[in-house]
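Number of protein chains: 2
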Amino acid sequence: MNSYEKLEKAFGRIAAIEEAGAMLHWDMSVMMPHGGAEARGEQMATLKVLAHEQMTAPETAALLDAAEADPPADPWQAANLREMRRRWRHAAAVRGDLVEALSRAGTRCEMVWREARPAGDFAQVRDALAALLGLVRELAAAKAEAFGLSPYEALLDQYEPDGRVAEIDRLFDDLAAFLPGFVDEALAVQRARPAPLPPQGPFPVAAQRTLGEKLMEAVGFDFNHGRLDISLHPFCSGVPDDVRITTRYETDDFVQSLMGVLHETGHAMYERGLPAAWRRQPVGTARGMAMHESQSLLVEMQVCRGPHFLEFAAPLMREAFGGDGAAWTVENLSRLYARVAPDFIRVDADEATYPAHVILRYRLESALIAGDMTVDDLPGAWNEGMKALLGLNVPDDRVGCLQDIHWYDGAFGYFPTYTMGALAAAQIYAAARDAVPGVQDSIARGEFAPLMAWLRQNVHGRGSLLSTRNLLVEATGKPLETEAFKSHLKARYLV
Amino acid sequence: MNSYEKLEKAFGRIAAIEEAGAMLHWDMSVMMPHGGAEARGEQMATLKVLAHEQMTAPETAALLDAAEADPPADPWQAANLREMRRRWRHAAAVRGDLVEALSRAGTRCEMVWREARPAGDFAQVRDALAALLGLVRELAAAKAEAFGLSPYEALLDQYEPDGRVAEIDRLFDDLAAFLPGFVDEALAVQRARPAPLPPQGPFPVAAQRTLGEKLMEAVGFDFNHGRLDISLHPFCSGVPDDVRITTRYETDDFVQSLMGVLHETGHAMYERGLPAAWRRQPVGTARGMAMHESQSLLVEMQVCRGPHFLEFAAPLMREAFGGDGAAWTVENLSRLYARVAPDFIRVDADEATYPAHVILRYRLESALIAGDMTVDDLPGAWNEGMKALLGLNVPDDRVGCLQDIHWYDGAFGYFPTYTMGALAAAQIYAAARDAVPGVQDSIARGEFAPLMAWLRQNVHGRGSLLSTRNLLVEATGKPLETEAFKSHLKARYLV
C-alpha cells in the first residue's frame with residue numbers, strides 16, 4: 001500500500017468509530033432510559049477519544065505529508081486527501097483530554113436539558129451549560145490559533161468548511177434589510193384574504209405515522225435502509241446505509257410533524273445519495289451543514305409546502321384522517337402550509353420569519369464565544385432579541401432559550417448554516433426546475449424520481465468532492481446569493 | 001498512578017468499547033433495518049479490533065507483569081488483577097486480523113440466518129456458517145495452544161472461566177442417566193391427571209407487554225435502567241445501568257413470551273445487581289455464563305413457574321386478558337406452566353427435557369470444533385440426535401438446526417452453560433429458602449425483595465470476586481451438583 005492507500009484504511013477505521021458514536025447518540029436520544037446516561041457518556045467519550053487518537057497518531061501526520069508529496073492523480077482521491085488533511089487539522093488542534101471532557105460535558109448537559117426544557121427551568125441546566133461553554137471556548141481558542149481564524153469562525157468551520165463570518169454577515173445583512181418589510185407585506189396579503197380553515201383533529205399518532213411513512217416513500221426514502229422514530233428534538237442521524245430520522249407528534253395538529261418528517265427526509269435523501277464507492281472516507285461525506293440543510297429545506301419548504309406537492313398529498317391526508325370539506329382542499333391546505341406567523345419556536349417557524357430566529361442565535365452565540373456575554377445573561381438577552389427582531393414577548397424559557405438542543409449539546413457555530421441552507425435550497429431548486437422540464441408536474445403526481453435523479457447527480461452523489469462554493473457554482477451557475485430565496489418568498493407569499 | 005491503577009484505566013476504556021459494541025449488537029437485533037448490516041459489520045468489527053489492540057498493546061502486558069510483582073492487598077483489587085490477566089491471556093492468544101475476520105463473518109452469518117431461519121432453508125446459510133466455523137476453529141486452535149486445553153475447552157473457557165469438559169461430562173452423564181426414566185415417570189403422572197385447560201386467546205400483544213412489564217417490576221426490574229423490546233431471538237444485553245431485554249409475542253399463547261420475559265428479567269437482575277463500585281472493571285462483571293443462566297432460571301423455572309408466584313400472578317393474568325373460569329385458577333395454571341412435553345424447540349422446552357437439547361448441541365458442536373463433523377453433516381446429525389434423545393422426528397430445519405442463533409453468531413462452547421445454570425439455579429434457590437425464612441410466602445404476595453436482597457449479597461454483588469466454584473460453595477455450601485436439580489424436578493413433577 002502506498003501512503004494514500006494507508007490513509008484510506010486509517011480514515012475508514014476512524015469513520016467506523018464515528019459511525020458507532022452516531023448510533024449510540026441516536027439510541028441516547030430515542031431509546032435509552034434516563035438511568036443509562038452516565039454509562040453512555042463513558043462509551044461516547046471513549047469513542048471520541050479513540051477517534052481523536054487515531055487521527056492524531058504520529059503515523060497519520062507522516063502519511064499525510066508523504067501522500068501530499070506524491071498526490072494521487074484521480075480527482076476523487078485528490079479531494080479525499082484534501083479532506084483528510086482538513087479533518088486532521090481540526091483534530092490536531094485539540095488536546096485529547098479536552099475532547100474527552102467536551103464529550104462528557106455535552107452528554108451530561110444534554111441529559112439535564114432534557115428535564116429542564118419541559119419544566120422551563122433554565123436555572124436547572126445553568127451550571128451544566130456554563131461548564132460546557134467553558135470547554136467549548138477552550139476548543140474555539142485552540143482551533144482559532146491553529147487556523148488563524150477568530151474563535152467563533154473556527155467553530156463555524158467545523159460545521160461549514162471554509163464558512164466565514166464575512167460571507168454570513170453579507171448575506172444576513174441583506175436578509176435583515178429585506179425581511180421586516182417583506183413580512184409586513186406578506187401579513188397584509190394574508191389579512192386581506194379569509195383565514196385558511198384548520199382541519200379538525202384529533203389526529204391519531206398512528207395515522208400520522210402511517211401518512212408520514214407513505215410520503216417519505218414517495219420522496220424516495222428506503223425503509224430497508226432507514227427508520228422513522230420519535231424524539232424530543234427531531235433529527236436525522238445514522239449512516240448512509242441506515243439513516244435514522246425522528247419526529248414528535250401532537251394529536252391536535254398533524255402539519256408540524258408531517259412537514260418535520262419531510263424535512264428530515266430531505267436530509268436522509270442526501271445521506272443515502274452520497275457516493276457509495278466512498279463510504280467511510282472524508283470525500284464520501286456530505287459537503288457541510290449548509291448544503292445538508294439545503295436538502296431538507298428543498299424537500300420541505302421548496303417542494304412539500306408548495307401547491308404541486310399538495311395536489312398529490314391532499315387526497316392522502318384526507319384518507320389518513322377521514323378529512324372532508326373546505327378545510328381539506330388543496331387551496332386551503334396550501335394557504336395553511338404557507339402561512340406567515342411570527343412565533344417563539346424556531347423549528348415551527350415559517351420561512352419568512354425563520355431567518356430572524358437564526359440571526360438572534362448567531363448574535364448570542366457569537367457573544368458567548370467571544371466572552372462578551374455569560375450564560376447568566378442568556379435568558380434576558382434572548383428575550384430582548386425576540387422582542388427586537390420579531391416583536392414577541394417570550395413568556396418563559398421553555399419557548400425561549402431552552403428550546404433548541406444545540407448549545408446544550410455543545411454545538412456553537414452551527415445555527416448560521418440553517419439560513420445559508422434556506423438560501424441554497426431556493427437557488428438549487430430554481431436550477432433544478434430549469435434543468436428538468438416538468439419536474440413540478442411530476443411532483444404533483446407524487447413522482448420525485450426526476451428531481452431526486454438531478455439532485456443525486458448535482459449534489460448528493462458529489463459528496464465532498466468540491467467546496468460548497470464550487471458545488472453551488474457547478475449546480476446553479478453562481479455562489480450563494482439571496483436572490484433566489486427572495487424570489488421564492490415573493491412568489492409564494494405575495495401572489 | 002501505580003501499575004495497577006493504570007491497568008484499571010486501561011481496562012475501563014476497553015470495557016467502554018465493549019459496551020459500545022454491545023449496544024450496537026442490541027440495535028442490530030432489535031432496531032436496525034436489514035440494509036444497515038454491512039455498515040454495522042464494519043462498525044462492530046472495528047470496535048472489536050480496537051478493544052483487542054488496547055488489550056494486547058505492549059504496555060498492557062508490561063503493566064500486568066509489574067502489578068503482579070507488587071500485587072494489591074485489597075481482595076477486590078487482587079481479584080480484578082487476576083481477571084485482567086485472564087482476559088489478557090484470551091486476547092493475546094489471538095491475532096488481530098482473526099478478531100476482525102470473526103466479527104465480520106459473525107455479523108454476516110447472523111444476518112443470513114435471520115432470513116434462512118423463517119424459510120427453514122439451511123442451504124441459504126450453509127456457506128456463511130462454514131466460513132464462520134472455519135474461523136472459529138482457527139480461534140479454538142490458537143487458544144488451545146496458549147492455554148494447554150483442547151480446542152473445544154478453550155472456547156468453553158471464554159464463556160465459563162475454568163469450565164472443563166471433565167466436569168461437564170460428569171454432570172451431564174449423571175443427568176443423562178437420570179432424565180429419561182424421570183421424563184417417563186413425569187409423563188405418566190401427567191397422563192393420570194386430567195389435562196390442564198389452556199386459557200383461550202387471542203392474547204393481544206399490547207396486553208401481554210403490559211402484563212410482562214408489571215411482573216418485571218414486581219421482580220425488581222427498574223425501567224429507569226432498562227428496556228423491554230422485541231427480537232427474533234430473546235436475549236438480555238446492554239450494560240448494568242441500562243439493561244436491555246427482549247422477547248417475541250404470539251397472540252395465541254402468552255405463556256412462552258411471559259416466561260421468556262421473566263427469564264430475561266433474571267439475567268437483567270444479575271447485571272443490575274453487579275457491584276456498582278466496579279463498573280467497567282473485569283471483577284465487576286458477571287461470573288461466567290453458567291452463573292448468569294442460573295439467575296435467569298432461578299427467576300423463571302424455580303420461582304415463576306411455581307405455585308407461590310402464580311398465587312400472585314394469576315389474578316394479574318386474569319385481569320390482563322379478561323380471563324375467567326377453570327382455565328385461570330392457580331392450580332390449573334401451575335400444571336400448565338409445569339408441563340413436560342418433549343418438543344423440537346430448546347427455548348420452549350420444559351426443564352425436564354431441556355438438558356437433552358443441550359446435550360445434543362454439546363455433542364454436535366464438540367464434533368464440529370474437533371473436525372469430526374462438517375457443516376454439511378449438521379442437519380442430518382441434528383435430526384438423528386433428536387430422534388435418539390427425545391424420540392422426535394424433526395420435520396424441517398426451521399425447528400431443527402436453524403432454531404438457535406448461537407452457532408450462526410460464532411458462539412461455540414456456550415451451550416453447556418445452560419444446563420450448568422439449571423443445576424446451579426436449583427442449588428442456589430434451595431440455599432436461599434434455607435437462609436431466608438418465608439421467602440416463598442413473600443413471593444406469593446408479589447414481594448421479591450427478600451429473595452433479591454439475598455441474591456444481591458450472595459451472588460449478584462460479588463461480581464467476579466470468586467471463581468464459579470467458590471462462589472457456589474460460599475453461597476450454597478457445595479460445588480455444582482445435580483442433587484438439588486433432581487430434588488426440584490421430583491417435587492414439581494412427581495407430586
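Chains A and B, in that order, are what the protein sequence lines are. Numbering of the first sequence is given in the working numbering, commencing with residue 1 and proceeding in unit increments. Numbering of the second sequence is given in the working numbering, commencing with residue 1 and proceeding in unit increments. Using N, Cα and C, we set each Cβ at its ideal position, and we do this for glycine too.
To the nearest angstrom, how far is the alpha carbon of residue i from that of residue j?
{"i": "R433 (chain B)", "j": "Q440 (chain B)", "result": "8 Å"}
{"i": "H225 (chain B)", "j": "G273 (chain A)", "result": "37 Å"}
{"i": "G461 (chain B)", "j": "L455 (chain B)", "result": "8 Å"}
{"i": "D173 (chain A)", "j": "K9 (chain A)", "result": "44 Å"}
{"i": "A411 (chain A)", "j": "E59 (chain A)", "result": "30 Å"}
{"i": "W328 (chain A)", "j": "P194 (chain A)", "result": "15 Å"}
{"i": "S150 (chain A)", "j": "Q54 (chain B)", "result": "37 Å"}
{"i": "E474 (chain B)", "j": "A431 (chain B)", "result": "10 Å"}
{"i": "A79 (chain B)", "j": "L155 (chain B)", "result": "22 Å"}
{"i": "D241 (chain B)", "j": "L316 (chain B)", "result": "28 Å"}
{"i": "R279 (chain B)", "j": "F221 (chain B)", "result": "19 Å"}
{"i": "E293 (chain B)", "j": "F485 (chain B)", "result": "14 Å"}
{"i": "V375 (chain A)", "j": "A130 (chain A)", "result": "6 Å"}
{"i": "M420 (chain A)", "j": "H263 (chain A)", "result": "16 Å"}
{"i": "I230 (chain A)", "j": "N2 (chain B)", "result": "47 Å"}
{"i": "F235 (chain B)", "j": "S257 (chain B)", "result": "12 Å"}
{"i": "Y493 (chain B)", "j": "S103 (chain A)", "result": "56 Å"}
{"i": "T409 (chain B)", "j": "F309 (chain A)", "result": "The sequence given here has Asp at residue 409 (chain B), not Thr. Cα-Cα distance, rounded: 46 Å."}
{"i": "A444 (chain A)", "j": "L389 (chain A)", "result": "36 Å"}
Based on Cα-Cα distance, which residue from the options lies nearest to residue i?
{"i": "W407 (chain A)", "options": "A:A45, A:R462 and A:L132", "result": "A:L132"}
{"i": "L50 (chain B)", "options": "B:E18, B:N80 and B:A22", "result": "B:E18"}
{"i": "H357 (chain B)", "options": "B:E53, B:L102 and B:G385", "result": "B:G385"}
{"i": "G201 (chain B)", "options": "B:P58, B:A62, B:D253 and B:V347", "result": "B:D253"}
{"i": "A61 (chain A)", "options": "A:P450, A:W88 and A:M23", "result": "A:W88"}
{"i": "A166 (chain A)", "options": "A:T476, A:P416 and A:C236", "result": "A:P416"}
{"i": "A91 (chain B)", "options": "B:A276, B:E110, B:I230 and B:F147", "result": "B:F147"}
{"i": "L135 (chain A)", "options": "A:L197, A:A367, A:D97 and A:L390", "result": "A:D97"}
{"i": "L24 (chain B)", "options": "B:A69, B:L7, B:T46 and B:R13", "result": "B:T46"}
{"i": "Y249 (chain A)", "options": "A:G238, A:V261, A:V243 and A:V239", "result": "A:V261"}
{"i": "V283 (chain A)", "options": "A:I405, A:Q124 and A:L81", "result": "A:L81"}
{"i": "V321 (chain B)", "options": "B:Y4, B:V205 and B:P355", "result": "The sequence given here places Phe at residue 321 (chain B); Val does not occur at that position. For the residues B:Y4, B:V205 and B:P355, the minimum Cα distance to F321 (chain B) belongs to B:V205."}
{"i": "D209 (chain A)", "options": "A:F178, A:D169 and A:T251", "result": "For clarity, residue 209 (chain A) is Arg in the given sequence; the question names Asp instead. It is A:T251 whose Cα lies nearest to the Cα of R209 (chain A)."}
{"i": "A401 (chain A)", "options": "A:L63, A:I345 and A:A313", "result": "A quick correction: the sequence has Cys, not Ala, at residue 401 (chain A). Nearest C-alpha to C401 (chain A): A:I345."}
{"i": "R335 (chain A)", "options": "A:E42, A:Q190 and A:L63", "result": "A:Q190"}
{"i": "H52 (chain A)", "options": "A:M28, A:D27 and A:R95", "result": "A:R95"}
Could you work out which residues of chain B lie near residue i, taking near to mean beta carbons separated by less than 8 Å?
{"i": "F223 (chain A)", "result": "P33"}
{"i": "R462 (chain A)", "result": "None at all; the shortest Cβ gap to chain B is about 21 Å."}
{"i": "A398 (chain A)", "result": "Here the sequence assigns Arg to residue 398 (chain A), which means Ala is not the residue at that position. None at all; the shortest Cβ gap to chain B is about 23 Å."}
{"i": "L364 (chain A)", "result": "Simply none; closest approach about 34 Å."}
For a contact meaning CB atoms closer than 7 Å, what does residue i contact in chain B?
{"i": "L47 (chain A)", "result": "A20"}
{"i": "A16 (chain A)", "result": "E42, Q43 and T46"}
{"i": "R13 (chain A)", "result": "T46"}
Just the chain A side, please: which residues come within less than 7 Å of residue i by C-beta, in chain order?
{"i": "E38 (chain B)", "result": "D241"}
{"i": "D27 (chain B)", "result": "M23 and D27"}
Alpha helix (DSSP H) runs contained entirely in the region 280 to 308 of chain B, provided each spans 4 or more residues
288 to 297
Which full runs of the alpha helix (DSSP H) of 4+ residues lie inside the region 206 to 274 of chain A, going along the chain?
Runs of the alpha helix (DSSP H) inside the region 206 to 274 of chain A: 255 to 273.
Only counting runs of 4 or more residues, tell me where the alpha helix (DSSP H) segments fall wholly within the region 388 to 469 of chain B, in order along the chain.
416 to 435, 439 to 444 and 449 to 458
Pull out every residue of the region 204 to 236 of chain A whose Cβ sits closer than 8 Å to any Cβ of chain B, in chain order.
For the region 204 to 236 of chain A, which is checked against every Cβ of chain B, the residues closer than 8 Å are D222, F223, N224, H225, G226 and R227.
Output needed in chain order: residues of the region 264 to 294 of chain B with a Cβ under 8 Å from some Cβ in chain A.
R279 and R280
Report the residues of the region 46 to 76 of chain A with a CB closer than 9 Å to any CB of chain B, ordered along the chain.
T46, L47, V49, L50 and Q54
In chain order, which alpha helix (DSSP H) runs of at least 4 residues are fully inside the region 335 to 392 of chain A?
354 to 370 and 378 to 390
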